[in-house]
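Trainee:
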Amino acid sequence: MSEQAHAVEALAAPTGARRARTLARFVPWWLSQREALIGAVALAAAALAVWVTARAGFLAYPGWLAAQKADIIVGPVFIGLYWLRRRPSSRFGLLLIVTGLVAGAPYVLQSSSDPVLFATGVLWEGAIYLSALGLILTFPSGRLDGTPERVIIATGVIVFAVNTAIVFMAPQLAGEGSISDCRVACPANGLRLVSDPALAVHLLRGVRVTIVVLALATIALIAWRLVTGSSPRRRALAIGAPVALVFLVSQAVYQGANVLEVREADFFPFARWTIVGTRSAIWYGFFLALIAAELFAGRVLRRVVVESLRRPTPRELQEMLREPLGDPALRLAFRAEAAGTWVDADGDALESPHPASGQVLTKVERDGRAAAAIVHDRQLAEEPELLQAAGAIALLAQENAELDAGWQASLRDLQDSRSRIVAASEVERRRLERDLHDGAQQRLVALRIRLAVAGEQTRADPLVRTRLRELEGDLDAAIEELRDLAHGIYPSLLAERGLLPALRTVALRGPRAVEVNGHRIGRYPAEIESAVYYCCLEAIQNATKHAGSAARIVARLSAGPDELRLEVSDDGLGFDVAAILGGVGLRNMADRLNAVHGRLTIVSSPGKGTTIRGVVPLAA
Amino acid sequence: MSATGSGAGARLRVLIVDDQPVFRRVARELLRVRGYEVVGEVDCADCVVDAVERLAPDAVLLDIRLGDESGYAVARALARCDPAPSVLLVSCTDPGDADERARATGACGFLLKGRLAAADLGRFWPAPHDGA
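So the protein sequences, as listed, match chains A and B. Taken in order, the first sequence gives residues 384 to 1003; the numbers are from this note's numbering. Taken in order, the second sequence gives residues 5 to 136; the numbers are from this note's numbering.
#1: Return no unless some Cβ of chain A is closer than 7 Å to the Cβ of V170(B).
#2: Starting from the N-terminal side, write out each stretch of the alpha helix (DSSP H) that is 4 residues or longer and does not extend beyond the stretch 869-902 of chain A.
#3: Should T109(B) be flagged as near chain A, meaning a C-beta pair shorter than 7 Å?
#4: Using a Cβ-Cβ cut-off of less than 9 Å, give me the residues of the stretch 120-131 of chain B that come near chain A, in sequence order.
#5: Among residues of its own chain, excluding the 5 on either side of L394(A), which ones have a beta-carbon nearer than 6 Å to its beta-carbon?
#6: For P707(A), which of helix, strand or coil comes out of DSSP?
#7: Any chance the stretch 669-689 of chain A sits against the stretch 735-752 of chain A, with 3 or more Cβ pairs inside 8 Å?
#8: Compute the beta-carbon to beta-carbon distance between R365(A) and N641(A), rounded to the nearest angstrom, for a pair I have assumed lies under 8 Å.
#9: Go through its chain and collect everything with a Cβ distance to G463(A)'s Cβ below 6 Å, but skip five positions before and after it.
#10: For the beta strand (DSSP E) that contains T984(A), what are its first and last residues?
#11: Classify K928(A) as buried or exposed, calling it buried when 16 or more other Cβ atoms lie within 10 Å of its own Cβ.
#12: Considering I757(A), what are the terminal residues of the beta strand (DSSP E) in which it resides?
#13: Mind checking which residues open and close the beta strand (DSSP E) that includes S188(B)?
#14: Would you check if the distance between the CB atom of S987(A) and the CB atom of V967(A) is smaller than 7 Å?
#15: Let me check understanding here. Comparing Cα to Cα, which of T888(A), L744(A) and E647(A) lies closest to D103(B)?
#16: Helix, strand or coil: how does DSSP classify E41(B) here?
#17: Which first and last residues belong to the alpha helix (DSSP H) in which S514(A) is found?
#18: Scan the stretch 95-127 of chain B and note each continuous alpha helix (DSSP H) run of 4 residues or more that stays entirely inside, going in chain order.
#19: Take A390(A) and list the residues in its own chain whose beta-carbon comes closer than 6 Å to its own, dropping the five residues that flank it on each side.
#20: DSSP state of L70(B), grouped into three classes?
#21: If you measure from the CB of K991(A), is any heavy atom of the ligand MG nearer than 6 Å?
#22: From which residue to which residue does the alpha helix (DSSP H) around W362(A) run?
#23: For E720(A), count neighbouring Cβ atoms within 10 angstroms of its own Cβ and tell me buried if that reaches 16, exposed if not.
#24: Rounded to the nearest angstrom, what separates L769(A) and L604(A) at their Cα positions?
#25: When the cut-off is 7 Å and only beta carbons count, does A14(B) lie next to chain A?
#26: I'd like to know if the stretch 616-629 of chain A and the stretch 671-683 of chain A are in contact, where contact means that at least 3 CB-CB pairs between them fall below 8 Å.
#27: Name, please, each residue of chain B whose Cβ falls closer than 7 Å to the Cβ of I832(A).
#28: Can at least three beta-carbon pairs, one atom from the stretch 46-54 of chain B and one from the stretch 78-91 of chain B, be found at a separation below 8 Å?
#29: For a test of the three-state rule: what should DSSP assign to Q555(A), helix, strand or coil?
#30: Excluding the five sequence neighbours on either side, which residues of its own chain have a C-beta within less than 7 Å of the C-beta of A823(A), listed in chain order?
#31: Residues in the same chain with beta-carbon distance under 8 Å from Q798(A), minus the five sequence neighbours each way, listed in chain order, please.
#32: Helix, strand or coil for F958(A) per DSSP?
#33: Is P99(B) close to chain A, meaning its C-beta is less than 7 Å from at least one C-beta of that chain?
#34: When DSSP builds the beta bridges, which residues end up paired with K746(A)?
#35: Under 7 Å, do E910(A) and A806(A) count as touching if we go by C-beta distance?
#36: Opposite S941(A) in the DSSP bridges: which residues?
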């Protein structure tokens, strides 16, 4: 990605950026330029530290020390880079990187045999402790949130300053018998400005006392946070704090023992090695806490996603998120599309959290626009991955619900529209039949009567009479055709008497004998009777046409409390349903039934007859 | 309009009930030719019983479809009149069950309007010129 980004830049500024582009080719796609640079610097510094330390003849444990010096640079830097990636808005990542590069890298100076460099290295070791303290106090947010933290750090800075002063006046700097111990004798103190051993001893004593106080204060602070913090904070401290606590305790005990001039021989090395060991491990504890937070967010996500398949309401969703996030006062809010304002889970307008309430509003973005918001405890901001997971779920669940409702509404609209069309078509048919009846049919009938009367009254010759009778015949035919047409358009018998009488008439009038059976068939809404009637009609006509002359055709109607059933079956020729399925007639039947929420089934195979079944639900 | 009742030589008095003016005109002409006396025309279902009480016809020519109203209901009402006229039901179309319904309502029969001229009305009504 960085390669592509730089390719674009190169096109824009051809000359200057070309060199950057060339270098960028060596950076793998999953690192940014900055990350690669910082990582490379750290690795280089670590390599240097290992090389110098391993060759330092005066050191007692060159191998261990080399490893530790490399680790003190590389550990915080790479953990810091990872932290920056995962929680870009947190300053903690930056603090870790600074610890590694600024406090850790110069530690290599202590492996030099040059007195000045050696002394500078010893002096700078204090910075490592100061950084460690800073990291412990600001974990996990990267900020000094309260006065106690600021006081402790300020005191720590003073201790560092005093320690520096001690270096300036100590006659000799010795390793304290742990990892940085010298084999025979350490290099001389090149920074000694004044030689005042007594003052140095007094200052050292004061420093030790202050360190004990600071350590105890920090332990108390961590304990208090553990007790009063929200779930996310307690989770983070539970994993990140133990190593730091061991470090602090061992510091307090060691410095305290020195002040009290305790003389136990084997106790001191144990304490020193513990301090040295834990001070390198502190950031790994923090790293594990970050991993644990991500894993926890993942678990929460998984659980809540599964539960959100049940289509929770915004209220239920809010409840669902409160427990895993450990925030019983958590609130969800969504943007109301129409008005553009924020609406909470109960549908009311969102009230922004009061600054003093300890709650904060975080927005969840989608396509660059804020689509949802979470009002949560301030401490939850320390776990942005959890918030993001919760926000994403809330957004998805809500969108799902909206889509669902929208789809249902569309479906209802569609069905309503269909019903309206069917109803309108019914009205239209009735009107047409009425017009035919009141208009053309009446006139023809009247004409017929008049013709008959005229024929009776005329004294014309037989030829004219014959002609008149022919006219009467033609007119009768026209009247009958018009009658059939009107009946086909809308059978008034259906409206007046219902399904069975209408179908029985059809059966009687048709060219073939058709049996019509009905069981408890009453009256139903006009569109249902119409749909069932025409469906049966079409089915009977199909059977008459295609079942063969030997077939017996039976139409059966039955009604239950919730549905009306029709069945037209014949034992005739049958047909291949798959082949005819798209046929207009069959589709017509299916459409008619579908329009009144009914279903059509066709069962047929060549040689085995045909059964057409329809079911129409009756409204409660 | 003569209000005479039965009597030898009196013509059978018929009331025409249909909402179509075209048919009423033609029916009047046909009945006159056949020898009946048309005493009145009614075009709405509600006015029939009144007209029958006022005019006392011997027979009624009744369309089974009077606008939105049912002629069968009118026929039932007429059957309750005293004296009840002979009701002949007619229609442009044949609903298929007209015969049985005609009998059910107390009418004397059903005819398609198209067959009116060819039919022998005497089958349903007393012949014209007969006493009641």
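For glycine and all other residues, C-beta sits at the position ideal for the given N, C-alpha and C. Computed from a predicted structure; not experimentally measured.
Mentor: In short, the structure shows the following:
#1: Absent from the structure is residue 170(B), since the part of chain B shown begins at 5 and ends at 136.
#2: Runs of the alpha helix (DSSP H) spanning 4 or more residues and lying entirely within the stretch 869-902 of chain A occur at 875-880 and 882-892, in chain order.
#3: Locating residue 109(B) in the second sequence gives position 105, counting from the first residue. Output row for T109(B): interface = no.
#4: Listed by position, the residues of the stretch 120-131 of chain B near chain A (Cβ gap below 9 Å) are L120, A121 and A122.
#5: Counted from its first residue, the first sequence places residue 394(A) at position 11. Annotation note: pLDDT 45 at L394(A) (below 50); position unreliable, coordinate value reported separately. Same-chain partners within the cutoff: there are none.
#6: The sequence position of residue 707(A) within the first sequence is 324, counting from 1. In the three-state scheme derived from DSSP, where H, G and I count as helix and E and B as strand, P707(A) is classed as helix.
#7: They do not touch, by the three-pair rule.
#8: The structure shown does not extend to residue 365(A), since chain A is modelled only from 384 to 1003, so the question has no answer here.
#9: The sequence position of residue 463(A) within the first sequence is 80, counting from 1. If we look at G463(A) and ignore the five residues flanking it on each side, its Cβ neighbours are G476, L479 and I480.
#10: The residue labelled residue 984(A) in the question sits at position 601 within the first sequence. Residues R982 to S987.
#11: As a working mapping, residue 928(A) is identified with position 545 in the first sequence. Classification for K928(A): exposed.
#12: Locating residue 757(A) in the first sequence gives position 374, counting from the first residue. Looking at the DSSP string, the run of the beta strand (DSSP E) that includes I757(A) is R752 to D760.
#13: The structure shown does not extend to residue 188(B), since chain B is modelled only from 5 to 136, so the question has no answer here.
#14: Within the first sequence, the letter at position 604 stands for residue 987(A). Within the first sequence, the letter at position 584 stands for residue 967(A). In this structure, S987(A) sits away from V967(A), with a CB-CB distance that is not shorter than 7 Å.
#15: To locate residue 103(B), count along the second sequence from 1; it is residue 99. That would be T888(A), whose Cα lies nearest to the Cα of D103(B).
#16: Taking the first residue of the second sequence as 1, we reach residue 41(B) at position 37. Here E41(B) sits in strand by DSSP.
#17: For the purposes of this step, residue 514(A) is identified with residue 131 of the first sequence, where counting begins at 1. Here the alpha helix (DSSP H) through S514(A) covers P498 to T521.
#18: The stretch 95-127 of chain B contains these whole alpha helix (DSSP H) runs: 102-108.
#19: Indexing the first sequence from 1 puts residue 390(A) at position 7. Because A390(A) carries a pLDDT of 40, less than 50, the predicted location of this residue cannot be relied on, and the following value inherits that uncertainty. Nothing listed; no residue qualifies.
#20: Position 66 of the second sequence, counted from the start, is the residue given in the question as residue 70(B). Strand at L70(B).
#21: Annotation note on the ligand MG: not contained in the displayed structure, which lists no ligands.
#22: Any property of residue 362(A) remains undetermined from this structure, which presents chain A solely from 384 to 1003.
#23: Position 337 of the first sequence holds residue 720(A). Answer is exposed; the Cβ neighbour count stays below 16.
#24: Looking up residue 769(A) in the first sequence gives position 386. Looking up residue 604(A) in the first sequence gives position 221. Going from the Cα of L769(A) to the Cα of L604(A) covers about 25 Å.
#25: Taking the second sequence and counting its residues from 1, one reaches residue 14(B) at position 10. No, A14(B) lies away from the interface with chain A (no Cβ there is under 7 Å from its Cβ).
#26: Taking a contact to require three or more Cβ pairs closer than 8 Å, the stretch 616-629 of chain A and the stretch 671-683 of chain A qualify as touching.
#27: Indexing the first sequence from 1 puts residue 832(A) at position 449. Residues of chain B whose Cβ lies closer than 7 Å to the Cβ of I832(A) are, in chain order, V30, L34, L120 and A121.
#28: Contact between the stretch 46-54 of chain B and the stretch 78-91 of chain B is present, because at least three Cβ pairs lie under 8 Å.
#29: Residue numbering aside, residue 555(A) sits at position 172 when the first sequence is read from its first letter. Here Q555(A) sits in coil by DSSP.
#30: Taking the first residue of the first sequence as 1, we reach residue 823(A) at position 440. Excluding sequence neighbours, A823(A) sits near L865.
#31: Working through the first sequence from its first residue, we reach residue 798(A) at position 415. H980.
#32: Here residue 958(A) is taken as the residue at index 575 of the first sequence, counted from 1. Of the three classes helix, strand and coil, the one that applies to F958(A) here is coil, per DSSP.
#33: Here the question's residue 99(B) lines up with position 95 in the second sequence. P99(B) counts as touching chain A.
#34: Here residue 746(A) refers to the residue found at position 363 of the first sequence. In the DSSP output, where bridge partners are listed per residue, K746(A) has A756(A).
#35: Position 527 of the first sequence, counted from the start, is the residue given in the question as residue 910(A). Position 423 of the first sequence, counted from the start, is the residue given in the question as residue 806(A). Yes, these two residues count as a Cβ contact at 7 Å.
#36: Here the question's residue 941(A) lines up with position 558 in the first sequence. According to DSSP, which records beta bridges pairwise, S941(A) is partnered with H902(A) and R948(A).
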